[in-house]
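Accompanying notes for the structure given below.
Now the structure itself:
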């Protein structure tokens, strides 16, 4: 696997050369979830030894912030009394893509000039929803082996700073250092220390107009070679050059990989350290939205 | 356990006499989730033998219908092109309580004259959210043993009709017939044949102004005696009399039980029949909404 | 002007032959509002003799109904106390097109195979809003002479029933009977007795799946010949045949006329009858939404 | 009238001593709109000499900004083709109170320890809306004489800066300088140069955490003595001291005056200067929202 730094341009070329289009048939909309077989789910289940669980979700982002320009809506309503009883309901509204909400991207979310996943054109997307690569394809849930690669621990630094992105070569080194081997269908979780970044910086990660540290596009090679099905990350792509415009996000349309953006990985990293292992069962249960481009999500890891 | 039909008035009296207030301390907000220990989660995991999974969620209810007077919102937005790439995002908005959306009720959702869960007054609920019994208490996810009680199969009828509600005595009989024993902390899933009802009726279950068949309030006794932590159901309470105003919904505030309303149980029932067993691992991953009264949900069962 | 019934096919042919494209320049986005000059506004003002005012708006349609499948949203929120004072705010959300909300249609709202107003293609419309014919073109408000044609009064019947649509010939007869002469730039208000219809019918006008009585497409000829700038109506197009698919709604893209749908005209009709005149000052103040396709509206008439 | 600077504490005392509670009956919900009689509307109409019109509304605030933490929502949806025609609709959603949206405050919007307008308690406000002082009371529209007081012109400075608030004494001087006399029922429009402020400052007026220049609480005396029915302003209250917590906003609950916040007054000021007069006809047409606390608004002035 990779040892030297791959450039953005090389990452883009790699992307074009190694996409998964047609791998599971030209009409496939499951993408890399095809790698999660019944056996893979049993492998995931076999990792649960203690019954400990942890959420990888940030709170529903209701508060406006520099990295949350369109905050989620939460409106309460009381129910009238009837026979001496009462109740309360609420409304949730969210434009979950962006830098605040923990969410999963469906295969239709992004594309480049060659098209969406499996080569479809953007014409499949209408104002009523997408006809291709919708989140509903994954409505039966995603249960697989999760592997956490802890970048701050490996580097001995609190967080990934701007200008020093995580690369494919580094991910390989971290896996070796953690004694973990990636296997096809895994959910790759890359912890970059977002909470530490937020505590150290005046502005939260992902603030509008501020450079965002994160992953280098070469990570695409690591994802593809490890045949990961999901990428779970707290920081996302470092500011991208033109050579690989969508950066690691390209894994969506090129490899059919699900992305879980803005995950909360600090508690997971702490639990991995405490348990002394970096593999676990991971459960992703996206809302079943016909034609939807993704879903807000509460990923749960089990140890 | 119960063999004869308990009246609504008796159910109400039972409710008052056997609530769980104080059982886990007067400041407890986890409710019956306290019964789901690490051991319980391991028990759930041990039920996964084949790696088969199935969703218990209906689609995000975007279409107005007689049982969906405030349909969910789904609005699409294209992202501008940048360096020859593009994308699409969307907005989801939902008032998920009611008869259409698969969702979980938090402990604050309903109450009676004695108060909310653990005896708190409704004063804990403000326009900004609830300060007590919010869904965020369950943000680490609910992983437990699920048990399906299949009423149509037991009765030899396609669905539960109006006037013939499911009772506690019947639930006991079904469990025996299925050869399954309820254990503390289980998620009790009661399948009443909602899809068959919808196919047979001119109007979908839960339509405004139409009587709703479903469970009898005596089921409260079954829930309490079995020490279930969650009730998952497709039909909900049959039209209630004054004697037990909130019916089986009372399990929320009296017992600290989570309710998963409008679950899709037909596919689960088919899978249980196929596998010849009615117990499985169940995963509930509610959105982490501070002060929220519940969450839309995609429950996943694993066999 | 018209005396005999024009067929749907003739209305469609008339539409193609007499559109206003290019009349005010090929880049014009004001449409028939060009007819409302400063002099026209002064004419409108001159009609105010008594200082009486009346609203032509229905209530914000928050309640689900057979003619309101996507009800408007109204959510309240209390403001925290500060120095012993408090307050309350709310959120309004509305998909105002349809059969419930009193609203104005902008020139981009509908089109046919020949294109939008002034011949533009639908490509001007993106997910971020329209680049042509947006409501913001009318942000300075529409103040003009309003003329009410009272169909039920003329017919001696409470409302316009299905199968007996209002025609161009009838509008001419009503104007004569009321002693009013249409002038260029007028707002034509056609009262069809919607409230009487609602009281007489089991379902409100505009209910899904129910035929809708209203105007015949021949009214397009009346609008064009009278050079009206605005059409205000309570019932809209009667169920349309293929010959003139958009019916009287075609006035939007063909003539550049604003439509005010679902107006409340019963109180206006009563006031006209009481005052013994059918002309008045009309004020339309649409919200200033960049790229918007229209606006909810509270039209006010002054006598 | 006032000549010397009234302190915040004196303004608060004045407020308590001179409220309008009971002036139009203890059950009155129209407030100072009672001063707008048919004669007053005719007076307004008589000011229209040229037929010129101008909007006082900012654009629907869809873009997140430091003074717009909860931006308005605008979502587009294409209509399916039918018989070769098509259309487009959209959804507007707005939490209009705050510092961005031009809107009118209803009488229920704010209160102090003595209560809401006419002495009602906040108990009249429920999660379904307000039962007192709702915007629907003004559904027939507000048509009155508008008077613009142009502070920047009077001061010879581009905008009102922090620490130099507009006072009652200054308003009197400006009116004299403009040669205009306030009359009961007038809409008082106070232009403070918000656009100039925005151009000169790094952050727009009303940005979170930034002091806001504006009016001194003594303006309450000017409003009450002039018996204005409406206050239209571009900047609002200067940062308030505890002595008069709601500042000029107190006119809502104490005097029954409507406030039009975040008005766009620069074009109006330019037109007043050009026409050489500071009085005009003003039209306010709030949406008819039952139980609503106000409305987004497009106020139109006619000259």
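Protein chains in written order, with the working numbering: chain X, 283 to 585; chain A, 283 to 585; chain D, 283 to 585; chain Z, 283 to 585. C-beta: ideal position from N, C-alpha, C; glycine also.
Taking 4 residues as the minimum length, the alpha helix (DSSP H) runs contained wholly in the region 446–477 of chain X are 450–460, in order along the chain.
In this structure residue 558(D) is exposed. Its beta-carbon is surrounded by fewer than 16 other beta-carbon atoms within 10 angstroms.
Identification of residues in the region 382–411 of chain Z having a C-beta nearer than 7 Å to some C-beta of chain D yields 390, 391, 392, 393, 394, 395, 404, 407, 409, 411, given in sequence order.
When only Cα atoms are considered, residue 328(A) and residue 421(X) end up about 23 Å apart.
Note that the region 342–361 of chain D touches the region 345–362 of chain A; at least 3 beta-carbon pairs, one per stretch, sit closer than 8 Å. Straight-line spacing of the CA atoms in residue 321(X) and residue 334(A) works out to 9 Å.
Under the three-state reduction of DSSP output, residue 580(X) falls in the coil class, being neither helix nor strand. Between residue 494(A) and residue 487(A), the C-beta spacing is below 8 Å. Residues of chain D with a Cβ closer than 7 Å to the Cβ of residue 575(Z) are, in chain order, 370, 371, 372.
A direct Cα-to-Cα measurement between residue 289(Z) and residue 427(Z) gives close to 30 Å. For residue 540(Z), the enclosing beta strand (DSSP E) has its first and last residue at 540–543. In this structure residue 448(Z) is buried. Its beta-carbon is surrounded by 16 or more other beta-carbon atoms within 10 angstroms. The beta-carbon of residue 357(X) is placed less than 8 Å from the nearest beta-carbon of chain D.
In terms of CA proximity to residue 372(X), 377(A) leads the group 377(A), 548(A), 518(A).
Those residues of the region 321–338 of chain Z placed with their C-beta closer than 7 Å to a C-beta in chain D are 321, 323, 324, 327, 330, 332, 333, 334, 335, 336, 337, ordered along the chain. Below the 8 Å Cβ cutoff, chain A contributes no neighbours of residue 464(X), its closest Cβ being approximately 20 Å away.
For residue 360(A), the nearest CB of chain D lies under 8 Å from its own CB, placing it at the interface with that chain.
Listed in chain order, the non-local C-beta contacts of residue 397(A) below 8 Å within the same chain comprise 403, 404, 535, local neighbours out to five positions each way being set aside.
Residue ranges of uninterrupted beta strand (DSSP E) with 3 or more members, entirely inside the region 313–338 of chain X and ordered along the chain, are 335–337. Within the same chain, Cβ atoms closer than 7 Å to the Cβ of residue 407(D) are found at 390, the five residues on either side in sequence being excluded. If you look at residue 514(X), you'll find it in the beta strand (DSSP E) that goes 512–515. Judged by beta-carbon spacing, residue 388(D) lies within the 8 Å limit of residue 416(D), meaning their Cβ atoms are closer than that value. CA-to-CA, the gap between residue 497(A) and residue 296(A) works out to about 16 Å. Between the alpha carbons of residue 585(X) and residue 326(A) lies a gap of roughly 13 Å. Judged by DSSP secondary structure, residue 561(D) falls within the beta strand (DSSP E) whose first and last residues are 561–566. Per the coordinates, the alpha-carbon of residue 314(X) lies some 11 Å from the alpha-carbon of residue 424(X). The beta carbons of residue 519(Z) and residue 545(Z) sit no closer together than 8 Å. One thing to note: residue 514(D) has its Cβ no nearer than 8 Å to the Cβ of residue 580(Z). Against chain Z, the beta carbon of residue 486(X) has no neighbour under 9 Å; the closest one sits roughly 15 Å away. DSSP, reduced to helix, strand and coil, places residue 378(A) outside both helices and strands of the structure shown, so it counts as coil. Spatial neighbours of residue 553(D) in its own chain (CB-CB distance under 6 Å, excluding positions within 5 residues in sequence) are listed in chain order as 336.
In this structure, DSSP gives residue 398(X) a state outside helix and strand, which the three-state scheme calls coil.
Against chain X, a Cβ distance below 7 Å from residue 341(Z) picks out nothing, because the smallest value is about 17 Å. In the DSSP assignment, residue 425(X) falls outside any alpha helix (DSSP H) and within the unbroken beta strand (DSSP E) covering 424–432. At least one C-beta of chain Z is nearer than 8 Å to the C-beta of residue 572(D). Residue environment for residue 477(D): buried (at least 16 other C-beta atoms within 10 angstroms of its C-beta).
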